[in-house]
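*Asks:* Just so you know, we're using this note's numbering here: the sequence shown kicks off at 2 and counts up by one. Submitted below is the structure of interest, expressed as C-alpha cells.
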Amino acid sequence: MLSIDKARQVILNNVKETPAVTVDLMSAAGACLAKDIYSPLPIPLFDNSAMDGYAVRAADLRGASQKKSIRLKIIEEIPAGHIPRQRIKRGEAALIMTGAMFPAGADTVVVVEATKREGKWVQVFCETGKGENIRKKGEVIRRGERLLKACTLIRPPEAALLATVNKKMVSVYRRPRVALISTGSEVVPLGRRLGPGQIVDSNRYGVMLQLKACGADVIDLGLVRDDREAIKRKLIKGIRRADVVITIGGVSVGQWDFVKEAVAGLGRIIFWKVKMKPGGPLTFGKIRDKLYFGLPGNPVSTLVVFEQMVRPALLKMSGRRDYLKPVFTAVLERDYHGQAGKVRLERIFLRYKNGKYFARPMRSLGSGDMRSLTAANGLMIVPANISRLRKGQLVSAQFIGI
Ligand code: AMP
Ligand code: MG
C-alpha cells in the first residue's frame, strides 16, 4: 500500500498541463499564463506628474521658504488627458494634475500644498529637487521587458498589469474539464422524496464546490447504480468529454463495488488504496490519456481525499506551480488518541494567538460526520507511527476549504 506522499507523487507525475487557449482578460481570471508575456509598451507611457501641483524649473525655486516665497507666472493648466502646449521657461509654472503629461522645459513638480495661487500667479514656499514628483516614461517597465512569467496565476494585480499594457487577449492553460459521477443504488438526487434505504447524493455538492474552487469546468454526469455495465457506459461518456473523470463511491471491498473493475476493463488502475485515514480506498488510474480518480463514498473521506489528492492534480494541470498547500506547525490544544498504522488527517480548528497557531481537534463520529468538517478549518497530519499526542505538543497542520 502506498503512503500518502508517495500516492500524491504518483498522481502528480501523471499530470500534464491542459492545452493553451487564447481568451479575453476577464475569462483569464484564475487561470495561469501559458507563455511569458513581454511588455509591448513602456510604463509609464509618458512622463507625467505624480502629484497635484505646479510643473516648474527647480532652479527657479532656489531659496524659497515659508518666510520667503517665490512668485511664478502660471502659463497653462494641464489636467490629466491634456497635451501641454507650451514650454516652461524661467519664472514660469503650469498647474498640473496627477497623471497629466509633463510639459517640456520643467524639471520638477512642487506640490499644491506648498503653494498659494493669486490669479495668474503662484507663490511657492519651498524648494523642490530636480526630478521630484515626476514619473518618467519607462521607469517601471521598459518596452520589450518581460512582464510576467509563464505559469503565473492571474489574480487581480496580474489582470490590472496586463490591462496596463493594453493586453486584451492572453494565452492561458485551459480550465481542466472534469466529469463527475456518483455511484450507488441507494443514492438519489437532491430534492426527491426518499424511499426506504435511500440517501441523498450529498457528496456531489461538496465535490462540485471543490471543483469550482479549483477553477475546473464540471461535466455533471449524474448518478449510476451499482451495475458493472452501467458504470462502464458512464465512464466512457466521461472520458469522451473530460480531461479527468471522478467517481464517488463503489471503490471499497464490498460485493457491489464494481467501479474498479469497470475502470480496469477500459484502462488501467495505477493504484488502489493509500495508507491514510480517512480516504484509504482512493483509486487512481488512467483511461486512455485521461486521469481517473475513484473517491471513497464516505462523506468526510470524499472531501478530504479530494483536497489532498485531486486538488493538487487539477492545479498542476492548470499550470499552477504552487499546487501543494503549505504545512506549518501548531500547538495541540487537547490530548489526542488515534490508531497507529496509517497517516491520519484529523479535523481541527486552527486559531492564531500570540505568534503561534493552535490546533483543537474536533470531536467527531467518524467519516460519516460531515458536521465535524463544517466546524473545522484545518487538518492535522498525524504520522503513521503515532497513536498518542499530548496537549501542548507541536503538530503538522494545514488549512482546508477555499
Ligand atoms: P461506498 O464507497 O460506495 O462503499 O460508500 C460508502 C458510504 O458512503 C455508504 O454509506 C454510502 O451510502 C455513502 N455514499 C456513497 N456515495 C455517496 C454520495 N454520493 N453521497 C452521500 N453518501 C454517499
Ligand atoms: Mg456504494
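The beta carbon of each residue, even a glycine, is placed where N, CA and C say it ideally should be.
Just reading off the beta strand (DSSP E) that GLY31 is part of, what are its end residues?
*Replies:* No beta strand (DSSP E) holds GLY31; DSSP gives it neither H nor E.
*Asks:* Quick check on ASP61: does DSSP put it in helix, strand or coil?
*Replies:* DSSP places ASP61 in helix when its eight states are reduced to three.
*Asks:* What are the complete alpha helix (DSSP H) segments, minimum 4 residues, inside the segment 134-210?
*Replies:* Counting whole runs of 4 or more residues, the segment 134-210 contains the alpha helix (DSSP H) stretches 157-165.
*Asks:* At a cut-off of 7 Å, is ASP370 close to the ligand AMP when judged by its beta-carbon and the heavy atoms of the ligand?
*Replies:* No, since every heavy atom of the ligand AMP falls outside the 7 Å radius drawn around the Cβ of ASP370.
*Asks:* Quick one: is the Cβ of VAL252 within less than 7 Å of any heavy atom of the ligand AMP?
*Replies:* Yes - the ligand AMP has a heavy atom lying nearer than 7 Å to the Cβ of VAL252.
*Asks:* Grouping DSSP H, G and I as helix and E and B as strand, with all else coil, what is MET310?
*Replies:* DSSP places MET310 in helix when its eight states are reduced to three.
*Asks:* By how many angstroms is the C-alpha of ALA164 removed from the C-alpha of CYS127?
*Replies:* Their Cα atoms are separated by approximately 38 Å.
*Asks:* Between LYS343 and LYS276, how many whole angstroms is the CB-CB distance? I'm expecting something under 8 Å.
*Replies:* Yes, they are in contact, since the Cβ atoms of LYS343 and LYS276 sit about 5 Å apart, within 8 Å.
*Asks:* Are the beta-carbon atoms belonging to VAL301 and MET371 less than 8 Å from one another?
*Replies:* Yes, these two residues count as a Cβ contact at 8 Å.
*Asks:* Please name the residue in LEU346, THR99, ASP336 and PHE307 whose C-alpha comes closest to that of LYS392.
*Replies:* LYS392 has its Cα closest to that of ASP336, out of LEU346, THR99, ASP336 and PHE307.
*Asks:* Please state whether DSSP places ASN386 in a helix, a strand or coil.
*Replies:* If DSSP states are grouped into helix, strand and coil, ASN386 belongs with coil.
*Asks:* Nearest by alpha-carbon distance to ARG241: which of THR184, ARG178 and THR116 is it?
*Replies:* The shortest C-alpha separation from ARG241 is found at ARG178.
*Asks:* Reducing DSSP to helix, strand and coil, say where ASN14 ends up.
*Replies:* ASN14 falls in the helix class under three-state DSSP.
*Asks:* Could you work out which residue in GLU187, ILE155 and ALA360 is closest to GLY198 when comparing CA atoms only?
*Replies:* Residue GLU187 is the option with its Cα nearest to GLY198.
*Asks:* Using only the alpha-carbon positions, how far apart do ASN299 and MET310 sit?
*Replies:* ASN299 and MET310: Cα-Cα distance of roughly 16 Å.
*Asks:* With a threshold of 7 Å, establish whether the CB of SER203 neighbours any heavy atom of the ligand AMP.
*Replies:* Yes, the Cβ of SER203 comes within 7 Å of a heavy atom of the ligand AMP.
*Asks:* List the residues that DSSP assigns as beta-bridge partners of ASN378.
*Replies:* Bridge partners of ASN378: none, in fact.
*Asks:* Which residues share a DSSP beta bridge with SER397?
*Replies:* For SER397, which the question treats as bridged, DSSP gives the partners THR330 and ILE382.
*Asks:* Can you check whether the CB of GLY145 is closer than 8 Å to the CB of SER40?
*Replies:* Yes, the pair counts as a contact, with Cβ atoms nearer than the cut-off.
*Asks:* Apart from the five residues just before and just after PHE307, which ones in its own chain have a Cβ nearer than 7 Å to its Cβ?
*Replies:* These residues qualify, in order along the chain: VAL208, GLN211 and LEU296.
*Asks:* How big is the Cα-Cα spacing for ILE249 and PRO20?
*Replies:* Between ILE249 and PRO20, the C-alpha separation is close to 27 Å.
*Asks:* Hey, quick one: how far does the alpha helix (DSSP H) through GLU230 stretch, first residue to last?
*Replies:* Note, GLU230: alpha helix (DSSP H), 229-242.
*Asks:* What are the boundary residues of the beta strand (DSSP E) that includes GLY295?
*Replies:* Run containing GLY295: 291-296, per the beta strand (DSSP E) assignment.
*Asks:* To which residues does DSSP link ALA21 through a beta bridge?
*Replies:* Paired residues: TYR174.
*Asks:* Could you round the C-beta distance between ARG229 and PHE272 to whole angstroms and report it? I think they count as a contact, below 8 Å.
*Replies:* The pair is not a contact, with the Cβ atoms about 21 Å apart (cut-off 8 Å).
*Asks:* What residue range does the beta strand (DSSP E) around LYS261 cover?
*Replies:* Here LYS261 belongs to no beta strand (DSSP E); instead the alpha helix (DSSP H) covers 260-267.
*Asks:* Check ALA8 in the structure and name its three-state DSSP category.
*Replies:* Residue state, collapsed to three classes: helix.
*Asks:* In this structure, does DSSP put ALA115 in helix, strand or coil?
*Replies:* In this structure, ALA115 counts as helix in the three-state DSSP scheme.
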